[in-house]
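Protein chains in written order, with this note's numbering: chain A, 31 to 338; chain B, 31 to 338.
Beta carbons are placed, not taken as given, at the ideal position from N, Cα and C, and that holds for glycine.
Number of protein chains: 2
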Amino acid sequence: MSRSSIAVAPTTRPDMHRALSSAVLRGGGVIATDSDTASGLIWADPAAPSAFRSVASTMPSLEWVQLPYAGIEPFDEHLSDQYVWTCGKGVYAEPVAEHALALALCALRNVAAYHAATSWTAPIGTNLLNSRVTIVGAGGIASSLIRLLSPFGVDITVVRRRPEPIAGADRVFAPEEISIAVRGARIVFVAAALTEKTRHLIDAEALSAMSPDTWIVNVARGAIIDTDALLDALETKAIAGAALDVTDPEPLPTSHRLWTLENAIITPHVGNTPQMGLELLAGRVEANVARWLRGDPLIGTVDLDAHY
Amino acid sequence: MSRSSIAVAPTTRPDMHRALSSAVLRGGGVIATDSDTASGLIWADPAAPSAFRSVASTMPSLEWVQLPYAGIEPFDEHLSDQYVWTCGKGVYAEPVAEHALALALCALRNVAAYHAATSWTAPIGTNLLNSRVTIVGAGGIASSLIRLLSPFGVDITVVRRRPEPIAGADRVFAPEEISIAVRGARIVFVAAALTEKTRHLIDAEALSAMSPDTWIVNVARGAIIDTDALLDALETKAIAGAALDVTDPEPLPTSHRLWTLENAIITPHVGNTPQMGLELLAGRVEANVARWLRGDPLIGTVDLDAHY
């Protein structure tokens, strides 16, 4: 048995199997042709956790399992300290942050509206450069977003539960202070987890603290914004607009008023598309295979006690 | 006469006169009420160079003239070493680079197309993160763009006349090597000056070296791209698309085929809008007034020999 022999299974998603097999090879591994030899297993179908036991049982040398997504819940019944487990945590925040920046720039620079035009029209647009932004949330997406914003010279306010300062943020407010935190922001980015504390955090009161220059960008969960209050703010131009990759309800029904508003930009939850995710997961797999062969610590190791 | 006495003229553009007068005050200057005392003159109307001589002739103490734009051609007949001249060069690169990034992200993330949709549709989009880009040009816009791209982990190829390396670029090619330089690029940014060497630099041959995944983003001058060749490439989907803030002809006539193509995003030369420009110019004026009062070197000094 060689440590370089890595199995990729199951084969139920051929595109994923192919991409992750290539990643194993790029990382310096050998695809296990005999299940007896596999020291590592790259699980290649997030939708097939039930097949795990029968596959793993054919691999007496198995020491390490790489799971495909950030969330490990589907594999709960299999998790044990028989193996080292790694997952996709941290992989998917970057593209969501990129999408948030894309929406913000597209909004401020009026690109979507210009794309709808069929003639050369008047100059409209404001800079993100040197402006003020507020980021609701302080997790992986917020960190990635702060990193992407770093060359823009923006003043950054973060809204988070714990009051500790954050690298790259100019100040931190608590969720209860949301109406202070959004004041003067050109963009309010929503990048928090949906919890009972953040549900409808952006309500009529918070919206009324924003200005007619403020755009809201939501890449987190639709229900963090009170959709009815948002519709009012958009229709009365109390805020400049909303660019939403997530909505409440979601998917947004075709008859919904949000589709009809010029100052609403809707994208269908594509902060991290399956195609992007696969590319990013492949990068993680490549890196982890290379680390495994060298005996270096793996990235995204699952903490079985913390269940994360 | 005091060095702090600064004139702002003419008054033909009240908004500009007001903004630049405020900038003089913020910089620590005093607005000259008596033209005899003015040591500096902030020229406040780019469209009125012909008025320059009569205004300046009333200012016997005048030593320094700040011109409003990067291009100094309209003031050619007045330029002489009688005064120190400064202009807006370098001021306008940052917002243009921001617009280039906005167009690139909007294109890769399919935002403009989604904005045109009226229902929840399938996931489309690719990452700028960790991709390959090519930047045609190595001036102020390219430098600013490289800076804005720095957190994205992109591989950057620059196309420039002189073969010297550039900070932040992974490699440099000559304009003659354009077809090699664009190979494998997810985005080809056009950010060069229009010269006889760059006119139609992006021609049918260069376009054929790009891939069906490549987007072109032009924020420089329309004629750097051969529009007819571009139309062919867009219609045959030989490239993914073009996001153009400048066109040839410009303004783009309403009947032009580019307006009808789904994979062409057109914005009407708004990389730097008058509103943005005035804000940025005011910042430059403020800085230069403060430097003038302290006797520090001014920013954007015109080299009368190099005529730039």
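8 Å contact criterion, which residue i and residue j should meet: CB distance rounded
i       : j       : result
V276(B) : G252(B) : 5 Å
P98(B)  : G70(B)  : With a Cβ gap of about 14 Å, P98(B) and G70(B) do not count as contacting.
L42(A)  : A78(A)  : The sequence given here has Thr at residue 42(A), not Leu. 5 Å between Cβ atoms; contact.
A221(A) : V249(A) : 6 Å
A263(A) : I254(A) : A263(A) to I254(A), Cβ: 15 Å. No contact.
I61(B)  : V85(B)  : In fact, because the Cβ distance is near 15 Å, the residues do not count as touching under 8 Å.
E265(B) : L288(B) : That belief does not hold up - the Cβ atoms of E265(B) and L288(B) are roughly 10 Å apart, past 8 Å.
L178(B) : L131(B) : 5 Å
E316(B) : G57(B)  : 4 Å
G167(A) : R190(A) : 7 Å
P104(A) : P76(A)  : 7 Å
H129(A) : V300(A) : 7 Å
A142(B) : A142(A) : 5 Å
T187(A) : A215(A) : 7 Å
A234(A) : A259(A) : 4 Å
F82(A)  : H47(A)  : Contact flag wrong, Cβ pair sits at about 15 Å.
L133(B) : A273(B) : 4 Å
H286(B) : H145(A) : Not a contact, Cβ separation roughly 15 Å.
is_contact[residue i, chain D] using C-beta, thresh 8 Å
i       : result
T297(A) : The chain labelled as chain D is not found among the protein chains of the depicted structure, namely A and B.
Residue span of the beta strand (DSSP E) that contains residue i, given as start and end
i       : result
L339(B) : As shown, chain B starts at 31 and ends at 338. That puts residue 339(B) outside it, with no answer to give.
V38(A)  : 35-39
V247(A) : 245-248
V95(B)  : 94-96
Start and end residues, alpha helix (DSSP H) containing residue i
i       : result
V319(B) : 304-324
D45(B)  : 44-56
Local conformation of residue i per DSSP, three classes
i       : result
S87(B)  : coil
L71(A)  : strand
I102(A) : coil
I329(B) : coil
A215(B) : coil
L334(B) : coil
M31(B)  : Its pLDDT being 46, under 50, M31(B) is placed unreliably by the model, and nothing is read from it.
beta-carbon residue i near the ligand ADP non-hydrogen atom, thresh 7 Å
i       : result
D275(A) : What this structure holds is no ligand at all, so the ligand ADP is not there to describe.
Jot down the residue ranges of each uninterrupted beta strand (DSSP E) in the region 117-174 of chain A, minimum 3 residues, whole runs only, in chain order. If we require 3 residues or more, the beta strand (DSSP E) runs fully inside the region 117-174 of chain A come out as 162-166.
Any contact of the region 181-190 of chain B with the region 151-162 of chain B, i.e. 3+ C-beta pairs under 8 Å? Verdict: yes, contact present.
Is it a yes or a no for the region 317-335 of chain A touching the region 293-301 of chain A, going by three-plus beta-carbon pairs under 8 Å? As far as the Cβ criterion goes, the region 317-335 of chain A does not touch the region 293-301 of chain A, which means the pair count is below three.
Ignoring anything shorter than 3 residues, give me the beta strand (DSSP E) runs that lie fully in the region 176-207 of chain B, in order along the chain. When DSSP assignments are scanned along the region 176-207 of chain B, the uninterrupted stretches of beta strand (DSSP E) that are 3 or more residues long and fall wholly within it turn out to be 185-189, 201-203.
Whether or not the region 82-94 of chain A and the region 202-219 of chain A are in contact is what I'm after, with contact meaning three or more pairs of Cβ atoms, one per stretch, closer than 8 Å; do they touch? Result no; under three Cβ-Cβ pairs closer than 8 Å.
If you pair each beta-carbon of the region 307-314 of chain A with each one of the region 44-60 of chain A, do three or more pairs fall below 8 Å? Touching, yes.
Three or more C-beta pairs under 8 Å: does that hold for the region 98-115 of chain B against the region 327-335 of chain B? Three or more beta-carbon pairs separated by less than 8 Å link the region 98-115 of chain B to the region 327-335 of chain B, which places the two stretches in contact.
In chain order, which continuous runs of the beta strand (DSSP E) of length 3 or greater are located wholly inside the region 219-288 of chain B? Runs of the beta strand (DSSP E) inside the region 219-288 of chain B: 245-248, 271-274.
Could you tell me whether the region 127-143 of chain B touches the region 231-248 of chain B, where touching means 3 or more Cβ pairs closer than 8 Å? Yes, since at least three Cβ pairs between the region 127-143 of chain B and the region 231-248 of chain B fall closer than 8 Å, the two stretches touch.
Between the region 162-177 of chain A and the region 190-202 of chain A, are three or more C-beta pairs nearer than 8 Å? Counting Cβ pairs under 8 Å, three or more are found: they touch.
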